[in-house]
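K.L.:
Have a look at this one.
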Amino acid sequence: MNFVQIWLSGLINPRRAFAALRSKPAPAWGFWAVLIRFVVTTLTTTLALHLLGRKPFEPSYLTFLPMDKYYAAEMTY
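Letter 1 of the sequence shown, counting from 1, is numbered 7 in this note's numbering, and no numbers are missing.
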């Protein structure tokens, strides 16, 4: 099974997905899983919040980062 097939089977049958992951290279597949997850989150949630002009609920602890640019900076990093 390739990466996408295992990921989709994890939604339907997590036990089968974890069994398939046992034979896969752990560091590389883990890195890609985390990277894809955060890219998708950025493109769906953070981009929408930025385009709607929303401000974060709590002020940023980073004093050099203005509140109106917070989500743009989050997408960049």
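Each residue gets a CB set at the ideal place from its N, CA and C atoms; glycine is no exception.
Can the beta-carbon of residue 23 be found closer than 7 Å to that of residue 12?
P.N.:
Taking 7 Å as the Cβ cut-off, residue 23 and residue 12 qualify as a contacting pair.
K.L.:
Could you work out which residue in 45, 44, 77, 47 is closest to residue 60 when comparing CA atoms only?
P.N.:
77
K.L.:
Got a sec, what are the start and stop residues for the alpha helix (DSSP H) residue 15 sits in?
P.N.:
9 to 18
K.L.:
The alpha helix (DSSP H) spanning residue 47 covers which residue range?
P.N.:
32 to 47
K.L.:
In this structure, does DSSP put residue 28 in helix, strand or coil?
P.N.:
Assignment of residue 28 by DSSP, reduced to helix, strand and coil, places it in the coil class.
K.L.:
Does DSSP put residue 55 in a helix, in a strand, or in coil?
P.N.:
helix
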